[in-house]
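Chains as they are written, first to last, in our numbering: chain A, 585 to 888; chain B, 585 to 888.
These notes concern the structure reproduced below.
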DNA sequence: TAAAAATACTCCATAGGTATTTTAT
DNA sequence: ATAAAATACCTATGGAGTATTTTTA
């Protein structure tokens with residue numbers, strides 16, 4: 585039994601086909617096939633049922649999978665421990681963030697962090713959630729800050745805070761003086777929406793649907809700043825999360841009466857991924873900053 | 585990092601020199617050196633201090649050792665689990681026993697066991713303790729029944745029972761009618777002793793020393809049956825553990841007044857060794873039989 | 001100087017690659 | 001017909017061997 589065989593086994597179990605697992609592991613599909621066959625031979629049991637479209641874990645495979653994962657994780661942890669003890673661990677964390685969170689949360693987090701932890705370098709990757717998930721899986725990033733929930737057995741999520749959504753209207757809008765609003769009140773207004781792919785677009789649409797509203801979308805953009813500029817120019821209304829509701833000349837933010845109109849923000853990482861000290865320190869700092877800024881009692885809500 | 589590197593690392597840590605570790609792992613010393621060097625290179629830290637006579641774990645090595653051991657053990661357990669699930673695990677236990685225990689304990693144990701567990705084959709190896717320890721380490725036997733204590737961090741011991749020692753005298757001896765005796769009473773008698781190497785020989789000598797007695801050894805044998813035959817022929821006296829004190833024509837057994845004159849019997853196995861179902865079943869049966877025969881409240885007394 | 005680890009090199013087992021075939025839908 | 005896994009075969013990396021040198025108590 586070899587370590588790479590365990591890796592390959594986990595990859596196939598995760599991806600569901602040898603071909604895709606081979607891509608993920610950067611080996612040719614036959615190499616992977618051979619190693620799995622060899623592993624099955626040594627264990628005396630088939631681990632996968634080969635179907636025409638992909639593979640399925642057998643009972644033995646299901647029994648073996650958690651052990652294999654834990655072994656790989658322990659192996660990585662043991663190595664990391666020594667690397668850090670020898671001072672060879674660079675102390676670098678690569679953090680991903682979605683575009684609708686990154687610019688509002690990370691500057692604050694990073695400033696404080698680099699002040700308190702001079703030794704640890706932080707890299708930031710800003711992509712949309714599906715890309716961040718890929719980067720997590722291929723090891724390019726260590727942790728990602730995204731909107732929860734993120735389903736998937738491979739993902740460990742820690743909720744950082746929840747933030748309400750606001751409707752944003754032009755300062756000269758007839759509702760601009762109101763304190764709160766229902767989405768139904770703006771159902772006929774021209775609506776500015778985030779581009780396809782941003783998960784907050786989906787949050788907005790979901791909130792509208794709850795209010796029996798089909799937004800009249802007249803403009804799409806990839807960032808809130810553009811949308812806010814358009815709103816202030818009187819082009820229509822939109823919805824933004826609290827962290828994006830910064831004072832902008834010509835914009836008024838109205839609390840949405842529906843308390844379900846909120847976004848959950850959390851950190852996600854690979855369940856199997858081992859943690860370096862730098863990662864632990866960064867996560868703790870991130871949680872502290874969020875707690876301070878958003879005043880939420882932070883419990884580590886693991887999404888199962 | 586490779587599995588064999590972990591094995592080699594553990595072997596070197598255990599044996600204290602590359603050369604002896606190489607012998608134990610059945611590889612050439614340079615191969616082992618290379619793999620350890622490669623491991624140290626990958627971990628970025630020296631694991632051993634090389635001295636002229638052998639090696640010594642560095643701080644990193646000490647930190648890594650328990651992880652490496654646990655990983656190897658977990659690896660074996662994961663494999664064993666699947667082997668058993670696939671029905672490929674033969675269900676075979678090889679048990680070692682020292683000659684002064686084997687013939688008195690094992691027949692009873694094995695008879696009942698093979699009746700209750702038809703599927704599991706038991707092999708028996710009868711050797712003296714040091715040999716059994718070697719066999720344990722090279723994997724030839726799974727568990728050994730020996731006299732405790734057996735020191736060594738690699739060994740896990742489970743005490744099965746304690747048995748008193750008896751002095752055995754000829755039927756026509758002047759003390760033959762007595763109920764109990766002190767070793768001092770027979771200090772001038774010709775003494776029949778087990779051969780060098782049997783641990784019960786040492787137990788006997790220790791008991792004598794406690795009684796300020798230097799036995800007058802006139803005969804040595806490797807088995808109690810011979811000694812008992814000699815005693816019954818009037819050649820002298822001896823000491824035997826309770827299980828060997830079977831009715832023999834011409835022999836009388838006298839309780840020794842010193843309650844410290846007793847032998848602890850236990851099962852030992854490698855701490856790092858993973859257990860098969862068959863091994864667990866056998867150990868439970870062994871403990872049950874001992875409990876029934878020797879009526880001791882069985883607590884798993886682990887010797888630390 | 002003697003015991004042990006490291007080095008130099010040689011060899012071959014095997015992981016991994018490419019091309020192709022088989023299989024199941 | 002198509003997608004996926006298995007097979008055949010080749011290459012080359014690197015683990016293990018032998019012989020030798022270096023190191024240090």
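Ideal Cβ positions, reconstructed from N, Cα and C, are used throughout, including at glycine.
No experiment lies behind these values; they were computed from the predicted model shown.
Per-residue contacts from residue 648/A into chain B (C-beta, under 8 Å): 662, 665, 666
Consult DSSP for residue 625/B and reduce its assignment to one of helix, strand or coil. helix
Straight-line CA distance for residue 656/B to residue 729/B? 25 Å
Beta-carbon proximity list for residue 842/B, same chain, < 8 Å, skipping 5 on both sides: 766, 767, 791, 794, 795
Contacts around residue 801/A, its chain only, beta-carbon distance under 6 Å, and the 5 residues preceding and following it disregarded: 775, 777
Just how far apart, CA to CA, sit residue 943/A and residue 856/B? This structure cannot settle anything about residue 943/A, because the visible part of chain A is limited to 585 through 888.
Kindly give me the distance between the Cβ atoms of residue 866/A and residue 706/A, rounded to whole angstroms, as I take these residues to be in contact under 8 Å. 7 Å
DSSP state of residue 706/B, grouped into three classes? strand
Below-8 Å beta-carbon distance, residue 628/B vs any chain A residue: yes
I'd like to know if the segment 833 to 851 of chain A and the segment 755 to 762 of chain A are in contact, where contact means that at least 3 CB-CB pairs between them fall below 8 Å. yes
So which of 638/A, 608/A, 605/A, 660/A has the shortest CA-CA distance to residue 627/B? 660/A
Pair every Cβ in the segment 637 to 647 of chain A with every Cβ in the segment 637 to 648 of chain B, then say whether three or more of these pairs are closer than 8 Å. no
Own chain, CB closer than 6 Å to residue 861/A, minus 5 neighbours either side, in chain order: 668
Hey, does residue 672/B have any beta-carbon neighbour from chain A nearer than 8 Å? yes
According to the Cβ coordinates, are residue 748/A and residue 826/A closer than 8 Å? yes
Roughly how many angstroms lie between the CA atoms of residue 881/A and residue 870/A, to the nearest whole one? In this predicted model, residue 881/A has a pLDDT of only 41, less than 50, meaning its place in the structure is not dependable enough to derive any value.
Out of 780/A, 735/A, 752/A, point me to the one whose CA is closest to residue 769/A's CA. 752/A
Decide yes or no for the touch test of the segment 586 to 602 of chain A against the segment 618 to 634 of chain B: beta carbon pairs closer than 8 Å, at least 3 of them. no
Minimum C-alpha distance to residue 677/B - residue among 595/B, 683/B, 720/B: 720/B
Give me the residue from 808/A, 803/A, 724/A, 815/A with the minimum Cα distance to residue 756/A. 815/A
Buried or exposed, going by whether 16 or more other CB atoms sit within 10 Å of the CB of residue 726/A? buried
Straight-line CA distance for residue 831/A to residue 809/A? 11 Å
Since residue 805/B is in the alpha helix (DSSP H), which residue starts that stretch and which ends it? It is not in any alpha helix (DSSP H) - residue 805/B instead sits in the beta strand (DSSP E) that spans 800 to 805.
Local conformation of residue 596/A per DSSP, three classes: helix
Would you please state the rounded distance, in angstroms, between the beta carbons of residue 685/A and residue 824/A? I believe it to be under 8 Å. Not quite, the Cβ-Cβ distance comes to about 12 Å (not below 8 Å), so this is no contact.
Looking at the secondary structure, which residues open and close the alpha helix (DSSP H) in which residue 762/A lies? Run containing residue 762/A: none; DSSP gives neither H nor E here.
Among 877/A, 742/A, 609/A, which residue has its Cα nearest to the Cα of residue 723/A? 609/A
Residue 525/A CB to nearest chain B CB: under 8 Å? Given that chain A is displayed from residue 585 to residue 888, the structure contains no residue 525/A and the question cannot be resolved.
Identify whether residue 658/B lies in helix, strand or coil by the three-state DSSP scheme. helix
Three-way DSSP call (helix, strand, coil) for residue 749/B in this model: strand
What is the rounded straight-line gap between the Cα of residue 813/B and the Cα of residue 859/B? 41 Å
Residues within the segment 674 to 687 of chain A neighbouring chain B, beta-carbon criterion of under 7 Å: none
Cβ closer than 8 Å: which chain B residues qualify as neighbours of residue 635/A? What residue 635/A touches in chain B: nothing, since even the nearest Cβ is about 21 Å away.
Cβ of residue 586/A less than 8 Å from any chain B Cβ? yes
Go ahead and pull the three-state DSSP assignment for residue 734/A. coil
Under the rule that 16 or more other beta-carbon atoms within 10 Å means buried, what is residue 864/A, buried or exposed? exposed
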